[in-house]
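Heads up: the sequence shown runs through residues 105 to 236, numbered per this note's numbering. Heads up, the beta-carbon is just placed ideally off N, CA and C, and yes, glycines get one too. For clarity, every value in this text was computed on a predicted model and none was experimentally measured.
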Amino acid sequence: MDQNGKVNSTEVTYKNGDSNLSRRSDSFTMDFTNLSTASLDGTYKLQSYDQNGNPVGLPETDRVVATWTGSGPIIKSHSKFSFHEKCIHFQATDKGKTRAASASGTLNGSDLGSTADTFFGGDATIQVDHTC
Numbered sequence: 105m106d107q108n109g110k111v112n113s114t115e116v117t118y119k120n121g122d123s124n125l126s127r128r129s130d131s132f133t134m135d136f137t138n139l140s141t142a143s144l145d146g147t148y149k150l151q152s153y154d155q156n157g158n159p160v161g162l163p164e165t166d167r168v169v170a171t172w173t174g175s176g177p178i179i180k181s182h183s184k185f186s187f188h189e190k191c192i193h194f195q196a197t198d199k200g201k202t203r204a205a206s207a208s209g210t211l212n213g214s215d216l217g218s219t220a221d222t223f224f225g226g227d228a229t230i231q232v233d234h235t236c
């Protein structure tokens, strides 16, 4: 709030999308053993949205390049879940690990900045279902 009681605000827009990283130039690498580094160079189909969450224009193809550098301890997780009700049997086991990181990136060559407030990692889940 400024000295006259007016609220200062910034309009925020964002893009959201996905990629199957199928182009020859697309790549994602991660040191899963030590979680020391990860890098992404991928082509994504991204949709722009306004500050109210409304789509703006048509989806565009964008290139995202990012790097992560791990810091601090690796945090491991392990969970199990099972459910049994009459003829329905379900069991899942999940193991993973994450690590705090710093990251930086570009969108179509324009700097997106950097942050020390992120993390990266991975997990694996095994799921077994059975019905009578």
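Separation of residue j from residue i, as counted between CA atoms
{"i": "residue 175", "j": "residue 183", "result": "24 Å"}
{"i": "residue 138", "j": "residue 152", "result": "35 Å"}
{"i": "residue 166", "j": "residue 236", "result": "48 Å"}
{"i": "residue 141", "j": "residue 226", "result": "13 Å"}
{"i": "residue 205", "j": "residue 191", "result": "45 Å"}
{"i": "residue 116", "j": "residue 189", "result": "47 Å"}
{"i": "residue 107", "j": "residue 156", "result": "28 Å"}
Beta-carbon contacts of residue i that lie in its chain and below 7 Å, excluding the five residues immediately before and after
{"i": "residue 234", "result": "193"}
{"i": "residue 214", "result": "none"}
Whether residue i touches residue j by CB criterion (8 Å)
{"i": "residue 201", "j": "residue 230", "result": "no"}
{"i": "residue 154", "j": "residue 130", "result": "no"}
{"i": "residue 147", "j": "residue 127", "result": "yes"}
{"i": "residue 150", "j": "residue 121", "result": "yes"}
Same chain, Cβ closer than 6 Å to residue i, five either side skipped, listed in chain order
{"i": "residue 185", "result": "196"}
{"i": "residue 218", "result": "208"}
Spatially closest choice to residue i from the options, by CA coordinates
{"i": "residue 143", "options": "121, 173, 164 and 159", "result": "173"}
{"i": "residue 96", "options": "109, 123, 157 and 138", "result": "Because the chain here runs from 105 to 236, residue 96 falls outside it and cannot be looked at."}
{"i": "residue 207", "options": "214, 199, 222 and 198", "result": "222"}
{"i": "residue 216", "options": "159, 125, 118 and 164", "result": "118"}
{"i": "residue 220", "options": "203, 214, 181 and 116", "result": "203"}
{"i": "residue 187", "options": "109, 232 and 170", "result": "232"}
{"i": "residue 199", "options": "211, 125, 228 and 177", "result": "228"}
Classification of residue i by the beta-carbon crowding that lies within 10 angstroms, buried from 16 upward
{"i": "residue 132", "result": "exposed"}
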